[in-house]
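Numbering (my numbering), first residue to last: 4 to 122. A virtual CB, placed ideally from N, CA and C, is assigned to each residue, including glycine.
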């Protein structure tokens, strides 16, 4: 989170995306929650790729899954919540697992889109 060149936590992710959407990407800096965070996102998206002041980095790809459905918390809203509130991977997993899901039986598989959660 430091801009003065000092060492610290950072995150790196490659992303194959539509080149025509290049102008819609921007950096995001959020302060005032449990943790400040910075990241890269798109116009209209609350959270996507980032790292917070606790050193937690969040990176993901949105892939389709057989359990996808209507309902639950949009993944980008959940990403912003995780970056703002989680101080560790364990806290991030807890937030993700406690989020409302469109699936009626969450015990069938790990949380959709979060392979980190199959601990």
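Where residue i and residue j are concerned, what is the direct C-alpha to C-alpha distance, given to the nearest angstrom?
| i | j | result |
| --- | --- | --- |
| residue 50 | residue 34 | 13 Å |
| residue 72 | residue 46 | 24 Å |
| residue 98 | residue 20 | 28 Å |
| residue 65 | residue 80 | 13 Å |
| residue 108 | residue 94 | At residue 108, the pLDDT of 47 sits below 50, so the modelled position is not reliable; the number obtained from the coordinates is stated separately. Looking at the two C-alpha atoms, the distance is approximately 22 Å. |
| residue 57 | residue 26 | 30 Å |
| residue 30 | residue 53 | 9 Å |
| residue 100 | residue 48 | 21 Å |
| residue 117 | residue 82 | Annotation note: pLDDT 46 at residue 117 (below 50); position unreliable, no value reported. |
| residue 28 | residue 102 | 27 Å |
| residue 92 | residue 59 | 7 Å |
Let me confirm a value: residue i is counted as buried when at least 16 other C-beta atoms fall within 10 Å, else exposed. Which label applies?
| i | result |
| --- | --- |
| residue 22 | exposed |
| residue 55 | buried |
| residue 17 | exposed |
| residue 38 | buried |
| residue 32 | exposed |
| residue 24 | exposed |
For residue i, which residues does DSSP report across the bridge?
| i | result |
| --- | --- |
| residue 63 | Residue 63 pairs with nothing; no bridge assigned. |
| residue 44 | 29 |
| residue 54 | 41, 60 |
List the whole-angstrom C-beta distance separating residue i from residue j, where the pair is believed to meet the contact cut-off of C-beta under 8 Å.
| i | j | result |
| --- | --- | --- |
| residue 96 | residue 61 | That pair is no contact at about 12 Å. |
| residue 67 | residue 104 | About 16 Å separates the two Cβ atoms, so there is no contact after all. |
| residue 36 | residue 87 | 4 Å |
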